[in-house]
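Presented below is the structure to which this report refers.
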Amino acid sequence: MRFAVSFLVKCLFSRSLLVFLLLTLPIGAVTSQAAEKKKAAQPPMSFILVRSFLCQENCPEWISAEGRITSDTPARLRKILKKIGGRKLPVVFRSEGGDVDAAYAMGRIIRKAGLETAVGGTRLKGCPVGDTRCEAAIAKDGASGGYTYSAGAYCLSACPLALAGGASRVSSQWAFIGVHQITTVYNKVRVSYRIEYKIVNGKKKEISRKEVGRKVAGQSSSTKLGKKATAALTAYLKEMGVSEDVIGLMMSATPDNINIVPAAEALRTGLITDMLSYNEWPGMPLCAPDAAAEAVCHGHPAAEAPVAAKAPVSETPVFESPVQDAAADISERLPRTRPMDFLLMYNGNCQEECTQWISADGDITPDTPARLKAMLTTLGERKLPVVLQSNGGDMDAAFAMGRMIRAAGLETSIGRTQLPNCPKLDPRCIASIAKSGPTEGEVFAGRAYCLSTCTVVLTSGTPRIVGYSAIGLVRPTAAEYTKFFAYFDEMGVRAETYETMMLATSIEQRKILRSQALDLGIINGIIPYDEEPGYHLCGPDAKESLRCPRKAEAETVPAAASVN
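Residue 480 in the numbering used here sits at position 480 of the sequence shown; the count goes up by one each step and never skips.
Now the structure itself:
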């Protein structure tokens, strides 16, 4: 924001004379988000064209943008874009910020060119740790080799405004995006003029005015956004598709502090459009909708699961597997995934008092809630634990299942069920499923998993307990946020769960530790090492025994006692 103030000085003199006028005036105002001490910390931003040296052919390239944003940074950006021609390469930022007006200009240049942006640092091949973009590694032809990293990378102050220019913009859980108040710096300059007047018909008339000198006379600053500055910021954010809520985040931190924006908030406000997963890195281009699985890009389209025959839901449910009516001639080769089915199980290793559980195994599909309802209807008031193993699936179906389980007051846990005389590749073989009544089998926590939307179902249990099994989270889509938040509020899970789930991409089933799951409220107990899932509640006629130590409710073990 630059402005010039002019003064008309009227003085009455006789005849023709020369006047030297000295004025002290604020001739310019510069908006900056970097504190003065930070301005000296980073050199002005430079741009380097980098090619990944971690591959052999068709290697990704990106523009590494690191340093302080100054008034001439946009011109440097235009220069490198002109150099690469029409190629749309991602711009990877690592910056403490700087001039806001320059950041606006950069964002508009990037958006007009249709480029992607990311937060990340770049290390050129052969550079030492303390100088990751050393001059010796920068090739004269601009084809430097290197790689990017997220851990510890940052985009602070005015940098997020430039980042917002990306057609798609990404960061990772290990990088930092930070904002704070805009500081407007006013420069005071003493200006000397040589003014010539003469008297014409008794009236003074200025003949000429010439500036003859300037001298710095001081500086002042303000963090109060004026109308013009507020209008400029608001218009820019709207132009880039970023929520005005960012202004509140900026104004909540003084210029000497940084308000680090959590990943969930950055996604919600539109500062970023996606999160990079653990195996993706800044500078990767966004995958095309038809990208091959081996393509080097982020946000791979989810692979479609094999379509399996739907099992009809009988009006008079029986204890048969819903997949039993599907291809009965399934032999040695099985599909990698199949729709979730429910089996009423009992522990085949007991003598008299045998534990029972509901084994829920497979992908969650739109008709899975109906199958669960059929099972619960048959069981009546019996409160048996639901033991889950699933890669996830339909989000709305998971919501419906969770509400059904919570209403019934059932326990949830994770476990893999093994039926007797079944091969390892088909542990729920049709031949071993009982035609009526419970099916004999065993359940194990080891190597069991509940990933993606399966965790949504897991959180509905009262209680919800886990042994040595894998818990995986996935980020909901933007369209699912509202329903997602409402569901977890309903289940009493801590708000941090939302952010944790958003740290994974829509295709990555990110695993978390049991201690994290406890802290977030996804689970509220740990199964002791010498017990298995589903063994905590017993049948209605069971007697007290070593095999059936708990009848009324599951015991939850304090985290400190059993988390390793």
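Cβ coordinates follow ideal geometry from the N, Cα and C atoms, glycine included.
These numbers were taken from a predicted model, which means no experiment stands behind them.
If you measure between the beta carbons of residue i and residue j, is that distance less than 8 Å?
i              : j              : result
glutamate 66   : serine 46      : yes
valine 493     : leucine 513    : no
isoleucine 414 : alanine 360    : no
lysine 383     : glycine 402    : no
alanine 102    : threonine 73   : yes
glycine 165    : threonine 117  : yes
alanine 445    : isoleucine 522 : no
methionine 250 : isoleucine 182 : yes
glycine 534    : valine 443     : yes
methionine 404 : leucine 379    : no
threonine 368  : glutamate 411  : no
valine 50      : glycine 146    : yes
proline 339    : glycine 362    : yes
methionine 395 : glutamate 480  : yes
serine 581     : alanine 137    : Nothing about residue 581 can be reported from this structure: the residues present for the chain run from 1 to 564 only.
alanine 232    : histidine 180  : no
From the DSSP output, which residues share a beta bridge with residue i?
i                : result
asparagine 201   : Its beta-bridge partners do not exist; DSSP assigns none.
phenylalanine 47 : Ala65
tyrosine 449     : Ala470
threonine 417    : Val443
aspartate 245    : According to DSSP, aspartate 245 bridges with nothing at all.
serine 171       : Met275
tryptophan 357   : Met345
cysteine 155     : Ser95 and Ile177
lysine 227       : In the DSSP output, where bridge partners are listed per residue, lysine 227 has none listed.
isoleucine 512   : Ile471
glutamate 463    : Checking the sequence, you will find proline at residue 463 rather than glutamate. Bridge partners of proline 463: none, in fact.
histidine 583    : Examination of residue 583 is not possible in this model, given that the chain is present from 1 through 564 alone.
tyrosine 149     : Gly121
threonine 412    : Val386 and Arg464
proline 339      : Asp363
lysine 435       : Answer is none; lysine 435 lacks a bridge partner.
arginine 406     : In DSSP, arginine 406 forms no bridge with anything.
asparagine 259   : Val179
serine 144       : Val50
proline 483      : The question names proline, yet the displayed sequence has lysine at residue 483. The partner list for lysine 483 (beta bridge, DSSP) is empty, contrary to what the question assumes.
isoleucine 522   : None, per the DSSP bridge assignment.
Once you ignore the five residues that flank residue i on each side, which residues in its own chain have a CB closer than 8 Å to its CB?
i            : result
cysteine 134 : Leu124, Gly126, Cys127 and Pro128
glutamate 57 : none
Under 6 Å Cβ to Cβ from residue i, same chain only, skipping five residues before and after it: list those, please.
i             : result
threonine 132 : Arg123
serine 208    : Glu196
lysine 511    : Ala470 and Gly472
proline 476   : Phe484
tyrosine 487  : Phe399
alanine 35    : At alanine 35 the pLDDT is 39, less than 50, meaning the model places this residue with poor confidence; the figure from the coordinates comes in the next sentence. Closer than 6 Å at Cβ, skipping near neighbours: Pro255 and Asp256.
lysine 439    : Note on residue identity: the sequence assigns threonine, not lysine, to residue 439. Same-chain partners within the cutoff: Leu343, Met345 and Ile433.
lysine 567    : Not covered by the structure: residue 567. The range shown for the chain is 1 to 564.
lysine 88     : Gly114 and Leu115
lysine 79     : none
tyrosine 468  : Ala445 and Gly446
lysine 210    : Arg194
Only counting the same chain, and skipping five residues up and downstream in sequence, which positions put a Cβ closer than 7 Å to that of residue i?
i             : result
glutamate 244 : Thr234 and Leu237
glycine 283   : Pro60, Trp62, Pro90, Val92, Ala118, Gly120 and Thr148
valine 242    : Ala164, Thr269, Gly270 and Leu271
histidine 298 : Val170, Leu276, Glu280, Met284, Leu286 and Cys287
lysine 205    : Tyr197 and Lys198
serine 172    : Ser150, Met275 and Leu276
proline 366   : Asp394 and Ala397
leucine 77    : Phe47, Met106 and Ile109
Using only the heavy atoms of the ligand MG, determine whether one of them is closer than 7 Å to the beta carbon of residue i.
i             : result
glutamate 116 : What this structure holds is no ligand at all, so the ligand MG is not there to describe.
Check whether the segment 457–470 and the segment 381–399 touch, using three or more Cβ-Cβ pairs below 8 Å as the test. yes
Uninterrupted alpha helix (DSSP H) stretches inside the segment 51–112 (no shorter than 4 residues): 73–84
Three CB pairs or more closer than 8 Å across the segment 469–479 and the segment 439–454: yes
Counting Cβ pairs closer than 8 Å, one from the segment 90–100 and one from the segment 155–162, do we hit at least three? yes
Every unbroken alpha helix (DSSP H) inside the segment 362–393 [4 residues or more]: 368–379
Does the contact criterion of 3 or more C-beta pairs under 8 Å hold for the segment 104–111 versus the segment 257–273? no
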